[in-house]
Amino acid sequence: MNTFQSGIVENFDLYAPKLVDKEEYFAAGHRACQGCGEALAIRLMCKALGKDTVIVNATGCMEVVSTMYPTTAWKLPWMHVAFPNAAAVASGVEAGLKVLRRKGKISDRYVKTVGIGGDGGTVDIGLQALSGAMERGHDMLYVCFDNEAYMNTGIQRSGATPFGASTTTAPPGKVSSGNPTWKKNMPEIMVAHNLPYVATACHSYPIDFMNKVKKARSIKGPSYIHCLSVCPTGWRCRTRECIAMGRLAVQTGAFPLYEVEHGKYKLSSVMPETLRPLEDYIRLQGRFRHLTPDEIGMFQKRVKLEYNKLMNKMKHSRSWREM
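Just so we're aligned, residue 6 is where the sequence shown starts under the numbering used here, counting upward by one.
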């Protein structure tokens with residue numbers, strides 16, 4: 006990250022009025038937990054998308070906290086659907102909008118369909134519907150807000166839960182060290198669908214996140230963004246450290262930020278030149294408190310391995326358009 010970019014991140018309140026839409030499409034007064042990273046990410050996403058957007062929301066944290074009857078935090082067309090079918094419903098919405106455009110009923114503007122869900126509703130329960138929607142090539146954006154567990158229903162592990170994390174369904178003890186599996190690499194699964202645009206993001210880097218959302222919105226075709234969303238409740242970290250925790254995830258390589266455009270990998274400009282030790286990130290979270298030095302070392306090796314694989318893709322990948 007260069008000095009100018011670092012200044013924007015560290016002084017976001019100063020630059021925000023010039024760089025961010027002042028209109029609020031996700032209102033205050035929702036019931037999200039204190040320090041919720043996902044609520045911030047939703048707010049930023051909506052600002053980047055603008056008013057000509059239809060949101061299809063899978064069951065999850067944001068659906069529950071944003072629509073407590075009889076109120077709603079949404080100032081955009083929004084619908085709640087079941088846990089597994091947000092992408093399928095978004096496909097239908099996109100098809101309907103296409104017909105309305107063809108009939109000239111909304112020919113004066115371009116309305117974007119956006120499906121959203123948590124990691125449970127995306128990488129596990131909703132994976133089949135998402136895969137189908139992406140393969141069919143619908144003109145839609147899907148954003149996964151990944152807080153690394155089923156937080157809404159009691160902090161159960163998901164396919165996106167990191168190795169060693171303590172959850173209610175994978176607790177540490179005499180015969181277990183927490184979650185026994187490695188985090189499912191959902192962005193790479195989406196890359197394998199040959200999408201025009203795939204990106205990772207984090208609310209702790211708001212300008213980077215919003216720029217990626219704007220880019221995805223401009224693409225006429227399927228696109229996918231995987232946004233790490235810090236959950237102080239499930240991660241057992243201090244609520245005031247929500248932004249710092251997201252930055253540490255990025256700076257240690259536990260959650261690198263990058264884009265894949267037509268098969269070409271590009272590291273995001275906010276990534277540091279040298280990664281910080283993984284322990285700087287996990288030692289601040291109660292969900293990793295039980296890990297031994299050997300287990301932390303194994304975790305660190307895996308992070309380095311995955312990061313090196315990513316860097317190799319940066320060097321050797323080519324855009325389909327260059328072939």
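Yeah, the Cβ is synthetic: ideal placement off N, Cα and C, and Gly gets one too.
It should be emphasised that the depicted structure is a prediction, and the values quoted were computed from it without experimental measurement.
(request) Would you kindly check if the distance between the Cβ of cysteine 66 and the Cβ of methionine 139 is under 8 Å? (result) no
(message) Considering only their Cβ atoms, is the gap separating valine 203 from valine 116 smaller than 8 Å?
(response) no
(request) Alpha carbon to alpha carbon, how far is alanine 93 from glutamate 246? Give it in angstroms, no decimals. (result) 36 Å
(message) Using the three-state DSSP reduction, which class does tryptophan 240 fall into: helix, strand or coil?
(response) helix
(message) Between which two residues does the beta strand (DSSP E) holding proline 216 run?
(response) Proline is not the amino acid found at residue 216; the sequence shown has asparagine there. Where asparagine 216 is concerned, there is no enclosing beta strand (DSSP E), although the alpha helix (DSSP H) it sits in stretches over 211-223.
(request) Starting from the C-beta of lysine 219, find all residues in its chain whose C-beta is less than 6 Å away, skip the five residues before and the five after it, and write them out in chain order. (result) Ala53
(request) Please confirm whether glycine 40 and proline 201 have their CB atoms less than 8 Å apart. (result) no
(request) Have a look at alanine 249 and serine 209 and give me their C-alpha separation to the nearest angstrom. (result) 7 Å
(message) So, under 8 Å CB-CB, glycine 164 and serine 182 are touching, yes? Tell me the CB distance rounded to an integer number of Å.
(response) Going by Cβ atoms, the distance from glycine 164 to serine 182 rounds to 18 Å, so no, they are not a contact pair.
(message) Using a 10 Å radius around the Cβ and a threshold of 16 neighbouring Cβ atoms, would you call lysine 217 buried or exposed?
(response) buried
(request) Can you grab the Cα-Cα spacing for the pair methionine 191 / arginine 243, in whole Å? (result) 27 Å
(request) Give the straight-line distance between the Cα atoms of methionine 73 and arginine 36, rounded to the nearest whole angstrom. (result) 8 Å
(message) Tell me the rounded alpha-carbon separation between valine 308 and valine 61.
(response) 33 Å
(request) Return the CA-CA distance between glutamate 153 and glycine 109, expressed in angstroms with no decimal places. (result) 43 Å
(request) Using the Cα positions of valine 69 and histidine 321, report the straight-line distance between them to the nearest angstrom. (result) 43 Å
(message) Within a Cβ cutoff of 7 Å, which residues of the same chain sit near glycine 142, ignoring the five residues on either side of it in sequence?
(response) Gly226 and Pro227
(message) Here's the rule I'm using: 16 or more other beta-carbon atoms within 10 Å means buried, otherwise exposed. How should methionine 145 be labelled?
(response) buried
(request) Please specify which runs of the alpha helix (DSSP H), each continuous and at least 4 residues long, are wholly inside the region 73-118, giving them in chain order. (result) 91-107
(request) Sort Val25, Arg241, Val235 and Met316 by Cα distance to methionine 50 and report the nearest one. (result) Val25
(message) Give the list of continuous beta strand (DSSP E) stretches no shorter than 3 residues that lie fully inside the region 233-277.
(response) 263-266 and 269-272
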